[in-house]
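Asker: Residue numbers (this note's numbering): 78 to 208.
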Amino acid sequence: ADLASVPVFLSSLMQVAILVPAHDPQQSFVIVTKHADELNAGKADMLRCCGIELGLECFSVHALSSDEVQQPEKLAQRIVGLREADPKLAGAIFDCEELISHADEVRASSRFPVFDQVTMLDFFISARSDN
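#1: For I156, which residues of its own chain have a beta-carbon under 7 Å away from its beta-carbon, when the five flanking residues on both sides are left out?
#2: Rounded to whole angstroms, what's the CA-CA distance from A118 to A99? Just pull it up for me.
#3: Between which two residues does the alpha helix (DSSP H) carrying S203 extend?
#4: With respect to the alpha helix (DSSP H) encompassing V183, which residues constitute its N-terminal and C-terminal limits?
#5: Cβ atoms of L166 and S89: under 9 Å apart, would you say?
#6: Should A180 be flagged as near chain D, meaning a C-beta pair shorter than 9 Å?
#7: Quick check: F136 and K120, are their CB atoms within less than 9 Å of each other?
#8: With H, G and I counted as helix, E and B as strand and the rest as coil, what does DSSP make of E162?
#9: Which residues in the same chain have their Cβ closer than 8 Å to the Cβ of D163, if we skip the five residues on either side of it in sequence?
#10: Where do the N-terminal and C-terminal ends of the alpha helix (DSSP H) with I95 fall, by residue?
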């Protein structure tokens with residue numbers, strides 16, 4: 078893609094092309110990243126590169142705080158708060174390498190779908206696994 082100078086195959090955002098058609102069109106997703114300013118500036122182009130042409134408005138971006146990186150329970154509380162504020166929120170996409178180690182804890186404590194690089198890799202690995 079013209080937007081990136083390095084391969085983006087391992088970006089958790091690649092999952093949006095699967096998530097959008099798998100959910101009700103009224104549902105939304107929050108992208109959690111430490112690069113919120115950059116992502117907001119190029120969100121439409123980035124999502125188009127991931128296969129999303131319509132429904133760009135269903136994605137919001139949450140700027141990750143340093144407290145949330147260091148204390149995953151604070152991030153889980155933030156995710157729960159975002160879900161309470163928007164009942165149509167269907168999931169969180171962690172697009173930040175620092176969050177890989179926290180995704181399971183946030184899933185467990187928030188009881189909310191969290192998609193990250195590991196869930197994307199699990200998807201591709203399972204396609205090659207023997208049943």
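Glycine is no exception: its CB is placed at the ideal position from the N, C-alpha and C atoms.
Answerer: For this structure:
#1: Excluding the 5 residues flanking it on each side, I156 has same chain C-beta neighbours closer than 7 Å at A169, V183, S187 and F189, in chain order.
#2: 26 Å
#3: Q194 to R205
#4: A180 to S187
#5: Contact: no.
#6: Although the question refers to chain D, the structure presented lacks it and comprises just one protein chain.
#7: yes
#8: Here the sequence assigns Ala to residue 162, which means Glu is not the residue at that position. In the three-state reduction of the DSSP assignment, A162 falls in the helix class, which pools H, G and I.
#9: S105
#10: Annotation: the continuous alpha helix (DSSP H) that includes I95 extends over V93 to L96.
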